[in-house]
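A.B. asks:
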Amino acid sequence: MSESSRDAVLARIRQGLAAGAAPLPPRPDFAAPVHPPLGNADPVVAFAESFQRVGGEFYYCESLPHLAAQLAGLQKRQQVGVPFVWEPEMQALLYKAGVAFRADESEFLERADLGLTSCEALVARTGSVLVSAATASGRRLSIYPDQHLVLARPGQVVAEIGEALQLLQARYGAQLPSMVSLTTGPSRTADIEKTLVLGAHGPRRIALFLLEEEEV
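If you read the sequence shown in our numbering, its first letter stands for residue 2, the second for the next number, and so on.
Structure below.
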């Protein structure tokens with residue numbers, strides 16, 4: 002370093018020391034919420050927006066006939082057969098709606114185009130679907146089929162992930178399910194050459210049917 006360069010560096014150091022210590026950053030407000038308010042005051046609308054933003058397909062169903070029509074439309078567009086449905090409560094609901102389904106596991110590995118399950122909660126902040134192994138769908142029906150269909154109610158929507166986990170704990174107490182998963186959009190990866198691939202580790206498509214509460 003030349004003499005002039007050394008003098009210039011030392012001059013800047015002396016100037017900085019003369020200015021005194023740098024001001025401290027403002028103290029965080031630890032009582033303030035971590036996230037800003039949701040983009041929409043209605044958590045159901047906020048969930049629908051977030052869910053579609055991460056690649057999910059959202060279907061609002063105001064009645065059982067409407068649910069049947071929406072399911073039939075999806076099957077026709079995707080050119081797939083009837084879904085596998087293993088939860089007794091959901092089977093009863095679909096039977097009432099006149100929707101065909103496969104209740105057993107025969108040919109599951111060969112014909113698992115669609116799997117229809119319930120969920121534990123829906124998270125508006127991230128558009129995530131909280132599923133667990135506690136239902137008759139088990140671990141497989143939300144993971145193995147090419148397309149995962151979810152039937153949920155507006156009352157299952159919560160704002161944040163923490164609220165969803167609290168619901169889970171309140172429901173099961175110390176006997177938590179052996180598997181809990183937050184599904185956010187279809188399965189995807191870009192590990193190889195940064196090329197996005199859908200369906201790498203799970204369903205290639207996820208669709209949610211939100212059925213109004215009064216429809217039982």
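Idealized CB from N, CA, C, for every residue including glycine.
Everything numeric in this text was worked out from a predicted model, so none of it was measured.
Assuming Val45 is part of the alpha helix (DSSP H), what are its boundary residues?
C.D. replies: Taken as a continuous stretch (DSSP letters only), the alpha helix (DSSP H) holding Val45 covers Pro44 to Arg54.
A.B. asks: Determine the DSSP secondary structure at Gln16, reduced to helix, strand or coil.
C.D. replies: Three-state DSSP puts Gln16 in a helix.
A.B. asks: Where Gly74 and Cys62 are concerned, what is the direct C-alpha to C-alpha distance, given to the nearest angstrom?
C.D. replies: Roughly 13 angstroms between the two C-alpha positions.
A.B. asks: Over what stretch of residues does the beta strand (DSSP E) that includes Gly116 continue unbroken?
C.D. replies: It spans Leu115 to Thr118 - the beta strand (DSSP E) in which Gly116 sits, taken as one unbroken run.
A.B. asks: Excluding sequence positions up to five away, which residues of its chain have a Cβ less than 7 angstroms from the Cβ of Ala49?
C.D. replies: Here the set comprises Phe59.
A.B. asks: Which same chain residues, not among the five before or five after Gly99, have their C-beta less than 6 angstroms away from its C-beta?
C.D. replies: So the list reads Ala69, once near-sequence residues are dropped.
A.B. asks: When you compare the segment 99-119 with the segment 41-57, are there three or more beta-carbon pairs, one atom per stretch, that lie closer than 8 angstroms?
C.D. replies: Cβ pair count under 8 angstroms is below three, so no.
A.B. asks: Between which two residues does the alpha helix (DSSP H) carrying Phe109 extend?
C.D. replies: Counting along the chain, the alpha helix (DSSP H) containing Phe109 begins and ends at Phe109 to Arg112.
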